[in-house]
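Residue 68 in the working numbering sits at position 68 of the sequence shown, with consecutive numbering throughout.
Just so you know, even glycine gets a beta-carbon here, dropped at the ideal spot from N, CA and C.
Everything on this sheet refers to the single structure shown next.
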Amino acid sequence: MKIQWRLRMAAAQREVWTGTELRRLLAEKAGLELSSASVSALFTKEPSQVKMTTLAALCTALECTPNDLIQVDTTPVGPVAPPRPVADLPQAASARGRSMPPL
Numbered sequence: 001m002k003i004q005w006r007l008r009m010a011a012a013q014r015e016v017w018t019g020t021e022l023r024r025l026l027a028e029k030a031g032l033e034l035s036s037a038s039v040s041a042l043f044t045k046e047p048s049q050v051k052m053t054t055l056a057a058l059c060t061a062l063e064c065t066p067n068d069l070i071q072v073d074t075t076p077v078g079p080v081a082p083p084r085p086v087a088d089l090p091q092a093a094s095a096r097g098r099s100m101p102p103l
């Protein structure tokens with residue numbers, strides 16, 4: 001599986017070209033104040049994690065969806081192992097077999 005961060009592309013499609021512009025939009029439209037360094041990191045690097053509140057603010061500021069910001073390729077990397085067989089469940093005790101313990 002491969003995950004691609006597409007913030008720069010999503011911003012460019014909405015004519016937001018710099019971190020300063022994105023930072024202003026985040027503050028005005030979403031009420032999220034991020035440092036210049038944080039916005040720059042989001043703009044230039046692929047983050048290992050993103051807070052849901054930050055993702056929601058980015059979507060609000062850019063008027064987009066999470067699918068515009070994150071592209072997930074779920075193609076298996078290697079051969080897919082066949083499913084393991086389900087073990088046979090034990091048969092219920094017969095009427096003449098063991099009974100349930102008293103409560």
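Residue j beta carbon less than 8 Å from that of residue i
i, j, result
"L34", "L25", "no"
"V39", "L22", "yes"
"D73", "M1", "yes"
"R14", "Q71", "no"
"A30", "A11", "no"
"L42", "L55", "no"
Alpha-carbon spacing of residue i relative to residue j, whole angstroms
i, j, result
"T65", "C59", "6 Å"
"S48", "Q4", "11 Å"
"E37", "P79", "The sequence shown places Ala at residue 37, not Glu. If I take the Cα positions, the gap works out to 41 Å."
"M52", "E63", "16 Å"
"P82", "S99", "39 Å"
"E46", "R84", "36 Å"
Heavy atom of the ligand HEM within 7 Å of residue i beta-carbon
i, result
"D73", "With respect to the ligand HEM, the structure shown offers nothing to examine, as it has no ligands at all."
Practice item. Identify every run of the alpha helix (DSSP H) within the stretch 3-42, keeping only runs that are complete inside it and at least 4 residues long; order them along the chain. Key: Annotation note: the stretch 3-42 contains the following uninterrupted alpha helix (DSSP H) runs of length 4 or greater, listed N- to C-terminal: 7-13 and 19-25.
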